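A.B. asks: Below is one structure. I have some questions about it.
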Ligand SMILES: Cc1cc2nc3c(=O)[nH]c(=O)nc-3n(C[C@H](O)[C@H](O)[C@H](O)COP(=O)(O)OP(=O)(O)OC[C@H]3O[C@@H](n4cnc5c(N)ncnc54)[C@H](O)[C@@H]3O)c2cc1C
Ligand code: FES
Ligand code: FES
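Chains as they are written, first to last, in our numbering: chain A, 79 to 361; chain B, 16 to 181.
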């Protein structure tokens, strides 16, 4: 399978990306790691006329400490480099742990955090993680840059709040401070497959009880979902309350039915995986 | 057409290519290095695995233009020089171990398995069985049932560790 022809632009800077996007509008597509886009182009589900390669835009790579309790991760930072980054490991290891569950080693060597989020795929693991972390994305376009909360960024299946002439420059996540535990439970059909359902639970403990719980769900709607009912039910309670709270994990979700699972089965998985993830996170 | 320059198996090469040319087609059709196989063509099977700047990637999901300026290593560059009459004595420990441990049947997945395993062993010189299985998660084999592949990788790992310490 061979993609349709396109004009290839290898951008050298963020400004050049913005200028090229402005010039070509929705005929252009950004190419990051290519591990979502190239398969679509090979199937001719996507046939951009202009492909703007971000691979040489060094400004988009790497992790820095913003100095306000948050880390900024450049959009072109590859999954493997997020996992191995000393700042991420020290201050936001939960993100490294979720990223380690993305695809397989070869995919993690090419795929980027910016591409994984901008693609807006409900089955992708990182959107739910960013939602649970209350992270943000920085978008840049002809009119400058703006910061978008994860809860506003994901709009619908493969649809985000990005405009046609904007790119994601970085992803911002809070440093995780204090006695937090976490677990990402990813249920797949075969080893390296996409999540049928994924659940990230994060639990902050104090004196044996749960001070704060966060639950992010992968593939339970067209966008990542927070199980806010479960989160509220656990606040101030002991871990004994987890089983009852997790029974409501599918409330308010709208999972799809497909070849891998029916919507009902996904709801069942959400409840079971939420309980497992919370129990592991609270230990 | 776009000009690409890269080093493949230690040899510099330079061509004008269509931007839509996949790296695996560049290797197989332009450079005639057919050691790297195409299995699924959908980024799932890993048969097309090569190293791009030292890390394993599926070359059916990389454009040749993305590899411009990079170092590409394929299974064809693995073996060292061999002495007269015995081509096997230059083989890389992974090649030898897949042979001696019966890590292949039809052999179609083998170039990709070996390149994925090489990346794994560079990161983790002494993986246990689970670590080998997880490290090769991106590579499918329809023949062997994986048991002998895991054995081969661990045998090669032992030989490589010995080589490193002597
Ligand atoms: C075999 C396989 C298995 C996989 N398994 C998983 C999995 O289990 N979990 C998972 O989460 N993911 C999985 N992935 C997807 C992988 O993580 C992708 O790499 C990722 O989703 C997209 O990142 P990319 O850098 O490859 O983006 P690309 O494919 O290059 O781009 C994806 C989309 O985002 C846009 N884009 C890219 N960068 C930007 C930017 N900076 N600003 C604005 N728009 C941008 C592109 O225009 C395109 O529309 C898998 C992929 C493969 C091939
Ligand atoms: S041919 Fe590339 S992954 Fe199967
Ligand atoms: S040996 Fe036949 S596919 Fe692996």
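Beta carbons are placed, not taken as given, at the ideal position from N, Cα and C, and that holds for glycine. Quantities reported herein were computed from a predicted structural model and do not represent experimental measurements.
(1) Whose C-beta lies closer than 8 Å to the C-beta of residue 10 of chain B among residues of the same chain, with five residues either side of it excluded?
(2) Is residue 158 of chain B close to ligand 2? I mean its beta-carbon at under 6 Å from any heavy atom of the ligand.
(3) Measuring only the C-alpha atoms, how far is residue 117 of chain B from residue 233 of chain A?
(4) Given a cut-off of 7 Å on the beta-carbon distance, is the pair residue 278 of chain A and residue 210 of chain A in contact?
(5) Short of 9 Å Cβ to Cβ, which residues in the stretch 48 to 64 of chain B face chain A?
(6) For residue 21 of chain B, name the three-state secondary structure that DSSP assigns.
(7) Could you give the DSSP three-state label for residue 149 of chain B: helix, strand or coil?
(8) Can you have a look at residue 333 of chain A and say buried or exposed, based on whether 16 or more other CB atoms are within 10 angstroms of its CB?
(9) Since residue 343 of chain A is in the beta strand (DSSP E), which residue starts that stretch and which ends it?
(10) Using CA atoms only, rank isn't needed, just tell me which of A/177, A/119, A/165 and A/104 is closest to residue 262 of chain A.
(11) What number of angstroms, rounded off, separates the C-alpha of residue 195 of chain A from the C-alpha of residue 161 of chain A?
(12) Applying the criterion that 16 or more other CB atoms from any shown protein chain within 10 Å of the CB defines a buried residue, is residue 280 of chain A buried or exposed?
(13) CA-CA distance, residue 119 of chain A and residue 33 of chain B?
(14) Let me check you understand the geometry: is the CB of residue 124 of chain B closer than 6 Å to at least one non-hydrogen atom of ligand 3?
(15) Taking 6 Å as the limit between beta carbons, can you name the residues of its chain near residue 18 of chain B, skipping five residues before and five after?
(16) Identify, in the order they occur along the chain, each residue of the same chain with its Cβ nearer than 7 Å to the Cβ of residue 75 of chain B, setting aside the five sequence neighbours on each side.
(17) State the start and end residues of the unbroken beta strand (DSSP E) segment that holds residue 109 of chain A.
(18) Does ligand 2 have even one heavy atom less than 6 Å from the beta-carbon of residue 61 of chain B?
(19) Indicate whether at least one CB of chain B lies closer than 7 Å to the CB of residue 137 of chain A.
(20) Relative to chain A, which residues along the stretch 141 to 157 of chain B have a C-beta separation below 7 Å, given in chain order?
(21) Taking only the alpha-carbon atoms, compute the straight-line gap between residue 227 of chain A and residue 180 of chain B and give it to the nearest angstrom.
(22) Kindly indicate which residue of A/256, A/350 and A/206 has the alpha-carbon position closest to the one of residue 299 of chain A.
(23) May I ask you to report which of helix, strand or coil DSSP gives residue 184 of chain A?
(24) In chain order, what residues of the same chain have a beta carbon less than 6 Å from the beta carbon of residue 158 of chain A, not counting five sequence neighbours either side?
(25) Would you verify that the beta carbon of residue 18 of chain B is, or is not, closer than 7 Å to some beta carbon of chain A?
(26) Alpha carbon to alpha carbon, what distance is there between residue 82 of chain A and residue 313 of chain A?
(27) Determine contact between the stretch 166 to 175 of chain A and the stretch 242 to 253 of chain A, defined as no fewer than three beta-carbon pairs at a distance below 8 Å.
(28) So, is the C-beta of residue 200 of chain A closer than 7 Å to a C-beta in chain B?
(29) Kindly indicate the opening and closing residues of the alpha helix (DSSP H) around residue 307 of chain A.
(30) Cα separation between residue 265 of chain A and residue 328 of chain A?
(31) Any chance you could list the beta strand (DSSP E) runs of at least 3 consecutive residues sitting entirely within the stretch 81 to 126 of chain A, in chain order?
(32) To the nearest angstrom, report how far apart residue 51 of chain B and residue 90 of chain B are at their CA atoms.
(33) Across which residues does DSSP place residue 113 of chain B in a beta bridge pair?
(34) Under the rule that 16 or more other beta-carbon atoms within 10 Å means buried, what is residue 319 of chain A, buried or exposed?
(35) Just mark residue 147 of chain B as buried or exposed, buried being the case when its beta carbon has 16 or more other beta carbons within 10 Å.
(36) Using the C-alpha atoms, what's the distance from residue 321 of chain A back to residue 302 of chain A?
C.D. replies: According to the data block:
(1) Since the first residue shown for chain B is 16 and the last is 181, residue 10 of chain B is missing from the structure and cannot be characterised.
(2) no
(3) 51 Å
(4) yes
(5) 56, 57, 58, 59, 61 and 64
(6) strand
(7) helix
(8) buried
(9) Segment 341 to 360 is the alpha helix (DSSP H) holding residue 343 of chain A; no beta strand (DSSP E) there.
(10) A/177
(11) 16 Å
(12) buried
(13) 15 Å
(14) yes
(15) 31
(16) 37, 39, 53, 56, 58 and 63
(17) 106 to 109
(18) yes
(19) no
(20) 150, 152 and 153
(21) 52 Å
(22) A/206
(23) helix
(24) 186 and 187
(25) no
(26) 53 Å
(27) yes
(28) no
(29) 306 to 312
(30) 15 Å
(31) 85 to 88 and 106 to 109
(32) 7 Å
(33) DSSP output for residue 113 of chain B lists no bridge partner at all.
(34) buried
(35) buried
(36) 22 Å
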